[in-house]
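A.B. asks: Residue numbers (the working numbering): -19 to 424. What follows is a single structure, and I will ask about it in a moment.
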Ligand code: NDP
Ligand code: 2IT
């Protein structure tokens, strides 16, 4: 049996009931196979694949807090410190009822390669809780965040592990978490990114993931002799990534016609009204059913369905496994040119293969959504030098980083004879840097 297949079987056997983690590892292993096969005996002796699939550390803890009725609630908190070969652990915190060890491991594993692709000195980690922020009062959110950080603060720091936001964790939560860290540790340091602008946050971090996604999409289209201007775009999600992807796509002259949340989706044939969307989601924290009040000619549908709508470019920006094989078939039948992932692993393995086999350009999340964490690393730099850069400076660096990622993943794919296979390109380019750093640092 080849070394890749041997370890893949071992990972599945050692981590039962972790389907998303298996999915993420399978995708990486299948595509780095040619790199491993060049020096199979060496890699086997070094146990390099066993080492990159076993997190350096998993911290799990109890998060007790008091709700508005005076009752004690208990949630699970977790931080997976996956790989620190190229820098301190870096990656978001997700608060969502679906969070469990498997979800955080898959996200942490992806983060290792993503962070490597940014070209910046950040290792990979991820964390979160099964806490559901929906319907909670501000006081309840604060109580939960303070309790969560009371434990987490023992394990993180500006030079060891720097969390940020993800699903269910935005500016409000980062503020409460930062306040509690400072209070307990007595340190005013860049221990979290995505902070508010008055206490060490970076301009353009809020916009960075969505903007970065659109920058790399434009880079791809330009490379293929096209442009986003005049294109019809379907977006899923209506959170941080989706909103700023819509904003930048519109600035580039595209027409974005859909968005969604976990209850339903909107089709607005005249183009999404971004101000309305921001008011509904960022200000009122409400549901997408509200959108029709602003735009009577739009349609709202319960359930999922964004990928039925005809588009040139699809940007899945909600969550993992939200674009299935039937969606891929529909997108292809509708003449879609490109799918670029804003979320982490939104496309299933068979849907990815279908898109690639049918000539649709596909950029995986670890490359196309890396603008968020890259800008987090820029926030860390600003915190270290105790200075703040202008919006234009940060946005300019972000554009440069996304262009480089596109070039690097294209080049890595071509080096292995896999022209336009950006999944292979991203995994190989991401893996090579981590591999070199791990080998240089000995057995650890
Ligand atoms: P938000 O919490 O701001 O928004 C998430 C959006 O996706 C909401 O509209 C939410 O709907 C929807 N959603 C979440 N879970 C589900 C689900 N199980 N089924 C259907 N819809 C769902 O999160 P972000 O925008 O920050 O994150 C979106 C994706 O992007 C995630 O995969 C995240 O890991 C990834 N990402 C985020 C980065 C960042 O900087 N924030 C960076 C890189 C990747 P509802 O409100 O109804 O739950
Ligand atoms: O998935 C991701 O890259 C994020 N949620 C952002 C992580 C970060 O540290 O900014």
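For each residue, glycine too, the CB sits at the ideal point set by N, CA and C.
In whole angstroms, what separates the C-alpha of residue 103 from that of residue 285?
C.D. replies: When rounded, the distance between both Cα atoms is 36 angstroms.
A.B. asks: Identify the continuous alpha helix (DSSP H) that holds residue 2 and give its terminal residues.
C.D. replies: From DSSP, the alpha helix (DSSP H) with residue 2 extends over -1 to 18.
A.B. asks: I believe residue 217 touches residue 323 by the beta-carbon criterion, under 8 angstroms. Please report the beta-carbon distance rounded to the nearest angstrom.
C.D. replies: The Cβ separation is near 7 angstroms, so the contact holds.
A.B. asks: Would you identify the three-state DSSP class for residue 239, choosing helix, strand or coil?
C.D. replies: Note: residue 239 maps to strand in three-state DSSP.
A.B. asks: Determine the extent of the beta strand (DSSP E) in which residue 212 is found, giving its start and end residues.
C.D. replies: First-last of the beta strand (DSSP E) with residue 212: 212 to 216.
A.B. asks: Quick test of your reading: residue -9 and residue 414, contact by CB under 8 angstroms. State the CB separation rounded to the nearest angstrom.
C.D. replies: With 8 angstroms as the limit, residue -9 and residue 414 do not qualify as a contact, their Cβ atoms being about 17 angstroms apart.
A.B. asks: By the DSSP assignment, the beta strand (DSSP E) with residue 56 in it spans what residues?
C.D. replies: Where residue 56 is concerned, the enclosing beta strand (DSSP E) stretches over 52 to 63.
A.B. asks: Let me know the secondary structure DSSP gives residue 106 once reduced to three states.
C.D. replies: If DSSP states are grouped into helix, strand and coil, residue 106 belongs with the strands.
A.B. asks: Can you pull the DSSP bridge partners for residue 71?
C.D. replies: The partner list for residue 71 (beta bridge, DSSP) reads 143.
A.B. asks: Does the Cβ-Cβ distance between residue 386 and residue 199 come in under 7 angstroms?
C.D. replies: Cβ distance < 7 angstroms, so residue 386 and residue 199 count as in contact.
A.B. asks: Using a Cβ-Cβ distance under 7 angstroms, would residue 315 count as near chain B?
C.D. replies: Absent here is chain B; the protein component of the structure consists of one chain.
A.B. asks: Given 8 angstroms as the limit, is there contact between the stretch 52 to 64 and the stretch 26 to 35, that is, 3 or more CB pairs closer than that?
C.D. replies: Verdict: yes, contact present.
A.B. asks: Would you list the residues sitting across from residue 247 in a DSSP beta bridge?
C.D. replies: Paired residues: 238 and 279.
A.B. asks: Between residue 282 and residue 244, is the Cβ-Cβ spacing less than 7 angstroms?
C.D. replies: For residue 282 and residue 244, yes; Cβs fall inside 7 angstroms.
A.B. asks: Is any heavy atom of the ligand NDP found at a distance shorter than 6 angstroms from the C-beta of residue 108?
C.D. replies: No, Cβ of residue 108 sits at least 6 angstroms from all heavy atoms of the ligand NDP.
A.B. asks: Are the CB atoms of residue 319 and residue 329 nearer to each other than 7 angstroms?
C.D. replies: Not a contact, by the Cβ cut-off of 7 angstroms.
A.B. asks: What does the alpha-carbon distance come out to for the pair residue 98 and residue 210?
C.D. replies: If I take the Cα positions, the gap works out to 29 angstroms.
A.B. asks: Please determine if the stretch 303 to 310 and the stretch 247 to 266 are in contact, where contact requires at least 3 C-beta pairs separated by less than 8 angstroms.
C.D. replies: Contact between the stretch 303 to 310 and the stretch 247 to 266 is absent, because fewer than three Cβ pairs lie under 8 angstroms.
A.B. asks: Pull up the distance between the alpha-carbon of residue 352 and that of residue 234, whole angstroms please.
C.D. replies: So the two alpha carbons sit approximately 22 angstroms from each other.
A.B. asks: Quick one: which unbroken alpha helix (DSSP H) runs of 4-plus residues sit fully inside the stretch 151 to 213? Chain order, please.
C.D. replies: Fully enclosed alpha helix (DSSP H) runs of 4 or longer: 151 to 165 and 185 to 203.
A.B. asks: With respect to 6 angstroms, is the separation between the Cβ of residue 242 and the closest non-hydrogen atom of the ligand NDP below this value?
C.D. replies: Because some heavy atom of the ligand NDP lies under 6 angstroms away, the Cβ of residue 242 counts as near it: yes.
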